[in-house]
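Written out below as structure tokens is the structure these notes cover.
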Amino acid sequence: MSNIQKLRVLLIANRGEIAVRIIRTARKLGIKSIAIYSEADAASQHVRDADEAILLPGSNATAYTDEEAVLRIAKEKGVDAIIPGYGFLSENAPFARRVGDAGIVFAGPSPEAIEAFGVKHTARDLAEKANVPIVPGTKGLVENEEAAVKESERIGFPVMLKATGGGGGMGLITCNKVEEVREGFRMVQSRGKTLFKNPGVFIEAFYPAIHHIEVQVFGNGQGKAIHFGERECSIQRRHQKVIEECPSPFVERQPELRKKLGDAAVRLAESIKYGSAGTIEYLVDDKSGDFFFLEMNTRLQVEHGITELCYNVDLVELMLKQADAQLAGKHGLDGETLKHMQPSGPTGWAIEARVYAENPLRDYAPSPGLLQKVAWKDVPGTRIDTWVFTGVRITPNYDPLIAKAMVHSQSRDGAITSMRELLTQSTISGPPTNLEFLASILDDSHFKEGNTMTSFLESFNYTPHAIDVISAGAYTLIQDLPGRPTVGKGVPHSGPMDPISFQIANMLVGNPRSKESLEITLSGPELKFVGPAIVALCGAPMEATLDDKEFPLWESVKIEAGQKLKIGKTIGGGCRSYLAIYGGFPSVAEYFGSKSTSPLVAIGGYQGRALAPGDLLQIMNKLPEDFTSISLPEELRPVYKTNWEITAMVGPHDEGYFDPKFIEEIYNTEWKVSHNASRSGIRLIGPVPKWARKDGGEGGAHPSNLVEYGYPLGTLNWTGDDPCIFPVDCPNFGGFTSSTTVVKADWWKLGQLKAGNTVKYIRVGLEDALKKRKKNDNFLDSIEQAIKSGNGFDSIEKLQGAHCNFHEGDLGKAVVWKREGNVSTPQVRYRQGGDDHILVEYGNEEFNLNHRCRVTALENALHSESTPDIIKVNLYNTVGCCTTLLLHYNGSKLPRSVLVAHLQSIESNLGDLRNTKVPTRVFKLPLSFESKLQDEATQRYMTNQRPHAPYLPDNLSFVAKNNAFTPQQLKEIYLTGQFMAVVVGFFCGNTVSLPVDPRQRISAPKMNPSRVFTPEGTLGWAGSCMSIYPVDSPGGYQMIGRTVPCWDYYSYKPGFDNKPWIFRDFDILTFYQVSEQELDDIFAKFRAGKYEWEFDEVEFDMAQHNQLLETTNDEVGEIRKKQAVAQDEMTKAENESLERWRKEKAESQVDEGTVEKLLDDPAIVGVEAPVDANVWKVEVSEGDEVGDENVIVILEAMKLEIAVKTPDSVTKAGKLKVEKILVKPGDTVTAGGHLALLRKS
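So in full-length UniProt numbering, spot 197 of the sequence shown is number 197, and the numbers just go up one at a time.
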């Protein structure tokens, strides 16, 4: 064969695996490939692989069939040929003709050939003329029902009614009697008209015991054709192929049949001078071996790969060389050359399995969703044609094909063995797939014998080992222990909120304590166990039934296949329980080593979210044979109260920030838990704090404000005057003070706090905190030993009796060590944050890059090779900010004194860093000051949240005015300045930066309340810092413009270096201006994985920076004076606007005390917000009766409308009446917050 001569640029008019496969051959032949893609396919592999990728206009559903767009792109890019793959435009004769008319080669058969075989009844005529046997049937189309009945009776039942324009298994109905023909005729005619724009119907005899066998042909368009043997495609569901083989095991048993099939196929192809690859499909009778023409597919088949494996041919290469010959004026490949390519037979054996995202319990319906892990087993002879990888989303817009898994071996047995290994040892985590189903087919005796027909799956029984989620409960998450304490950078800690109940549940079922389980909040799911399982439900008392019979808590139970476990609402104290299942959930992927769900940032668990109806959870298929139920004695079960005493230590800011009398008041107050209580924050209601200072200095105007620092878990964080306990899904840094910090031994109690409970803090010192933790550990160890030994639980001290004899007066201080500063080194303080955190603080809370330099040096030293092993092993994480470094460590294994001594040693060796040079990167980022998405977000904010404020409707102008600049001067700051990344984290690698030049430092308040939606890539400003929003999210920073996002969940995009965050601490960001359209184009490249980050590796010279600070000191002072005047004016305007808005809200606001009082009534049921959101509509009124599926409120979050319905756990008990509406349109609500109260009738 000659080399490529004329074909230089190829456009692939398709998507998915076939586009990837075509690009592979184009690259081999040195042909430039141009891919097209829809927005939904931006992350597809074909977009990354192509030499160039063009985003299609229009909707995802119609993008790939937009002929005008495809042809326009082809002309603009100087394309020589268009190859269509299969589906979409591949068998569209008018399109093929338009391609040719445009002077471009259609890399496929001629339009005439497509038309000839595109109509099934004319295809039968062509086959008959070529002396190819056809299925007995009608001569042409049948015009009406009566004719259909008459022809069916002539042919003999059963018959198949077919839409003449149909394909892909659509437009077919099998009929066994006259009545079915009448009904089926109308249905097929209607489908043909709707799907294929052709209402024609013809009828063929239906053979129940039949093989579906096809022959691969290739013609040169000049009357010469060859074949590459046959493929067995009999295993089908709804006429869609599932597993294919080459060669056919049926044909292998009748060698003469291969020649007959092949000769007939070549005759048919040559009779119409077919050009390119095509497939002749036959029905072959299992008894006689007689075969009949079914149809011809005038395109590349999905399953062409197994023919390539057995015949050592590249069919796409032949198609492209045929197109190249056409471009060269030769009309096609040379006939003699093609003839010599005719193979004598197959070499070895190949099997293909089509791997789909589909749910076997929903009749194999497509299951779109996020692929959280894709890992193919490396088996010799394997070929995987796929378009996906970890992090890609299967969308509902297209066929849910994940991959074509192929194996090639010397024998059929070898191929089966290899395919079984591939299917059973590959991992695809995310939505349900058919991997296990495919593997089970390979184990069937009929398949092993090579005796499968098209009816095979009708009698094939397959049941997955899984749990079918019938209803999901209020908030059901997958969690494991310990979560992700070592990751940081905006990846939450996560893990179970109540680790005590969680671990006991796992121990009862025989799991490791850390195994992933279901965390159930307030009300639970209804689960159908499709396979047997061993389970235990532990935690807050909850209603629970198994097949409508009472189900015991704190006891291991074996559930049989087919049983339903229904978990209702909590009874009494506590709000969370844990359902442990033997073996956990093996198909759920790990993210940074954990399966825990962090729903706020869409990480981990099942699709990064709470469970939803229709989810399918795979469970272990083998259980212990010697199961014996184990029940934890009632006296050992934790007591779940409504009035909680929680042990806490002095927090990092207890001294110097609050009035000392108020610190005492914290411990003397019974705090009430607000209805705003979730995994990310537990709001408390109590006295207004008394502050020891007037403002937050450079941190902000309110005394609660600080320069950003790392947040200790369990701390009481003060957002203004409002206290909030930070549990495991809280942000890892922020700019608000933290006081009283819950010790780790009592974290489990935080997991059981619910609205209306009270909290009383019990202050302890470090020694007592660690002693209490040790008792908890001993309690759990004793239970585990008792279960393993079978010796009973009699000697175990109960958890509630594990109180320490606290040391009065030995309570510690907020500052555990300090050193005064001097000319060369800053002041340093070590502040405690519970029994697992130390906060190192430099200076006096001013934004100073000298301090950031020191933080970086300290952090690097802590993670160096010379660090003692005891610290290396037990230091979970560090959070470096502009002036602070938070250390999160295992306080039970690493004594604080050892850690502090090591920190002091490092500090003494750091010395004077004022003249040091710090390695860094200078990024050059695009910035558009115009954004329709930001404009829309602002408009929604004004409509739904707050209608008036000084920062509305133009954030940029407000920030400029707040700093005595014009809008243009503010833009110049962005375009000329350098911005130092002082901390990366919060959520999803949010990057907070500070202008290097003090003359460019500005200040702005956050929006109050925060927005419910901020577009990804938003460049915002609040306090003294700039922030890049990494993903679509809520947020309060003033929106200045947009740039490239800085987060990639699975780090597959260039530059992310196997981490989802792009920026590092001390990186320098610079910006250049682009138009909104230019930024949209950059976003398209970013989403497609084709954006290349621009940065230089440099050293940041602290000496030069300090010289800048000195020489600009006076100028900076003048700027600050002007800013202070402007900010006073804007603060006054904001206070007036805020007061007016609050007054407007207060007129319709429901008193929180009223809410809590009503919630104490057992007849009251709360309707809760599933996510942080804005109230869009209230669909009911007080006094209304509501039942099952009634929409109560419609929320708006992230531009999505979320209908919140009557809780399914109570609707079956009868009608409910709306007692109280707690929100109105425009209100902002948090996940778990109450929207309305319903009364049971």
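Every residue gets a Cβ at the ideal spot worked out from N, C-alpha and C, and that includes glycine.
Q. Residue range of the beta strand (DSSP E) that glutamine 1073 falls in?
A. For glutamine 1073, the enclosing beta strand (DSSP E) stretches over residues 1068-1073.
**Prompt:** Since residue 1259 and lysine 162 are thought to touch, with beta carbons under 8 Å apart, how far apart are those beta carbons, to the nearest angstrom?
**Reply:** Residue 1259 lies beyond the range of the chain shown here (1 to 1241); nothing can be said about it.
> Thinking C-alpha only, which one of Ser629, Val105, Arg97, Glu1115 is nearest glutamate 112?
Replying inline: Arg97
Entirely enclosed beta strand (DSSP E) segments - the stretch 662-728, minimum 3 residues = 671-677, 682-685, 705-710, 715-719, 722-725
### Task
Have a look at Lys661, Ile666, Leu600, Asn506 and flag the residue whose alpha-carbon is nearest the alpha-carbon of serine 680.
Leu600
So, at 6 Å on beta carbons, what are the nonlocal neighbours of serine 928 in its own chain, with the 5 sequence-adjacent residues on each side left out? Gly1041, Arg1042, Val1074, Glu1076, Leu1079
Euclidean distance between Cα positions of lysine 1006 and histidine 888
29 Å
Boundaries (first-last residue) of the alpha helix (DSSP H) holding glutamate 768:
According to the sequence shown, residue 768 is aspartate rather than glutamate. From DSSP, the alpha helix (DSSP H) with aspartate 768 extends over 766-789.
Quiz prompt | Nearest-angstrom beta carbon gap, leucine 10 and lysine 28 [assumed within contact, 8 Å] | solution = Contact flag wrong, Cβ pair sits at about 12 Å.
By DSSP, does glycine 821 sit in helix, in strand, or in coil? coil
Next item on the list: Would you identify the three-state DSSP class for serine 2, choosing helix, strand or coil?
Entry: With a pLDDT of 46 at serine 2, under the threshold of 50, the modelled position of this residue cannot be trusted; read the value that follows with caution. Coil, per DSSP.
Tell me the residue span of the beta strand (DSSP E) that contains residue 1242. Given that the chain is displayed from residue 1 to residue 1241, the structure contains no residue 1242 and the question cannot be resolved.
TODO: Report yes if the C-beta distance between glycine 172 and histidine 239 is below 8 Å; otherwise report no.
DONE: Strictly speaking, residue 172 in this sequence is leucine, with glycine absent from that position. In contact: leucine 172 and histidine 239 (Cβ atoms closer than 8 Å).
> Below 8 Å between beta carbons: does that hold for alanine 107 and isoleucine 73?
Replying inline: Not closer than 8 Å, so no.
### Message
Would proline 400 and glutamate 358 be called neighbours here (beta carbons separated by less than 8 Å)?
### Response
yes
* To do: At 4 residues or longer, and completely inside the stretch 811-882: list those alpha helix (DSSP H) runs for me, N to C.
  => 849-862, 869-874
- Can you say whether residue 1256 is buried or exposed, counting buried as having 16 or more other CB atoms within 10 angstroms of its CB? Residue 1256 falls outside the range modelled here, since the chain spans only 1 to 1241, and no answer is possible.
Worksheet entry | Cβ distance (whole Å) where aspartate 1032 is taken to contact glutamate 1016 below 8 Å | Right, their Cβ atoms sit about 5 Å apart.
inquiry  = Buried or exposed, going by whether 16 or more other CB atoms sit within 10 Å of the CB of histidine 340?
reply    = exposed
Pairwise C-alpha distance: threonine 647 and glycine 765: Cα atoms of glycine 765 and threonine 647: separation of roughly 10 Å, rounded to the nearest angstrom.
Between the CA atoms of aspartate 66 and asparagine 14 - distance to the nearest angstrom:
Between asparagine 14 and aspartate 66, the alpha-carbon positions lie close to 11 Å from each other.
Requested in this report: Could you tell me which of Tyr37, Arg48, Glu52, Asp80 sits nearest to threonine 62, measuring between CA atoms?
Outcome: Tyr37
Does any C-beta atom of chain B lie closer than 8 Å to the C-beta of aspartate 912? The displayed structure is made up of one protein chain only, and chain B is not part of it.
**Prompt:** Between the C-alpha atoms of isoleucine 22 and proline 346, what's the straight-line distance to the nearest angstrom?
**Reply:** In this model, isoleucine 22 and proline 346 are separated by some 23 Å (Cα to Cα).
Using a threshold of 8 Å, state whether the C-beta atoms of asparagine 850 and methionine 1026 are closer than that. no
message: Assuming lysine 321 and leucine 309 are in contact, meaning their beta carbons sit under 8 Å apart, how far apart are those beta carbons, in whole angstroms?
response: Between leucine 309 and lysine 321 the Cβ distance is about 20 Å, and since that is not below 8 Å, they are no contact.
Spell out the partners DSSP gives cysteine 1025 in its beta bridges. Bridge partners of cysteine 1025 according to DSSP: Ala1022.
Exercise for the section: Compare the Cα-Cα distances from glutamate 526 to each of Ser517, Lys549, Val588, Gly473 and report the closest residue. Expected result: Gly473
Next item on the list: Count the other CB atoms, across all protein chains shown, that sit within 10 Å of the CB of alanine 365; report buried if there are 16 or more and exposed otherwise.
Entry: exposed
For the alpha helix (DSSP H) containing threonine 417, name the first residue and the last one.
412-425
Here's a check: name, in chain order, each residue in its chain whose Cβ is nearer than 6 Å to the Cβ of asparagine 676, leaving out the five neighbours to either side. Arg683, Thr1230, Gly1233
- prompt: Under three-state DSSP, which class holds leucine 7?
  reply: When secondary structure is reduced to three states using DSSP, leucine 7 falls in the coil class, being assigned neither helix nor strand.
Let's see if you can read the secondary structure: which residues bound the alpha helix (DSSP H) around tryptophan 376?
Per DSSP, tryptophan 376 belongs to no alpha helix (DSSP H) and is neither H nor E.
**Asked** Is the stretch 834-850 touching the stretch 876-884 in the sense that three or more CB pairs, one from each, lie closer than 8 Å?
**Response** yes
Next on the checklist: Quick check: the stretch 580-589 against the stretch 528-538, are at least 3 beta-carbon pairs closer than 8 Å?
Outcome noted: Below 8 Å, enough C-beta pairs join the stretch 528-538 and the stretch 580-589 to call them touching: three or more.
message: On the CB-based measure, 16 or more other CB atoms within 10 Å of its CB, does aspartate 654 come out buried or exposed?
response: A buried status is given to aspartate 654, since no fewer than 16 other beta-carbon atoms sit within 10 Å of its beta-carbon.
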